[in-house]
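Undergrad:
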Amino acid sequence: SYLGVTGHWLTAEWELWSELLAFSEIEGSHSGENMGEELYQIIKRFGIIEK
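Under this note's numbering, the letters of the sequence shown match residues 5 to 55, in that order.
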């Protein structure tokens with residue numbers, strides 16, 4: 005299975021932006037645990053864990 009992660013944010017001028025941050029293959033079972041770990045690694049890579 006695959007996991008896509010999209011980011012949405014507002015600029016200082018209140019413009020809405022949306023971008024695909026990652027699209028990755030989930031190896032093995034697509035359980036909540038595996039998907040959660042993949043999502044954690046993606047948001048860690050972008051430095052947005054605390055956001």
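Positions of the beta carbon are idealized from the N, C-alpha and C atoms, including for glycine.
1. Look at the alpha carbon of I52 and the alpha carbon of E29, and state the distance between them as a whole number of angstroms.
2. Give the straight-line distance between the Cα atoms of Y44 and E31, rounded to the nearest whole angstrom.
3. I46 and L25 look like a contact to me (Cβ under 8 angstroms); what is the Cβ gap, rounded to whole Å?
4. Where do the N-terminal and C-terminal ends of the beta strand (DSSP E) with G36 fall, by residue?
5. Can you tell me where the beta strand (DSSP E) with S28 in it begins and where it stops?
TA: Taking the geometry as given:
1. One-based indexing of the sequence shown puts residue 52 at position 48. One-based indexing of the sequence shown puts residue 29 at position 25. Using only the alpha carbons, I get a separation of about 21 angstroms.
2. Reading the sequence shown from its first residue, position 40 is the one you call residue 44. Reading the sequence shown from its first residue, position 27 is the one you call residue 31. Approximately 15 angstroms, taken between the alpha carbons.
3. Taking the sequence shown and counting its residues from 1, one reaches residue 46 at position 42. Taking the sequence shown and counting its residues from 1, one reaches residue 25 at position 21. Between L25 and I46 the Cβ distance is about 7 angstroms, and since that is below 8 angstroms, they are a contact.
4. Along the sequence shown, read from residue 1 onward, the residue named residue 36 stands at position 32. Per DSSP, G36 belongs to no beta strand (DSSP E); it is in the alpha helix (DSSP H), 36 to 49.
5. Taking the sequence shown and counting its residues from 1, one reaches residue 28 at position 24. Unbroken beta strand (DSSP E) run through S28: 20 to 29.
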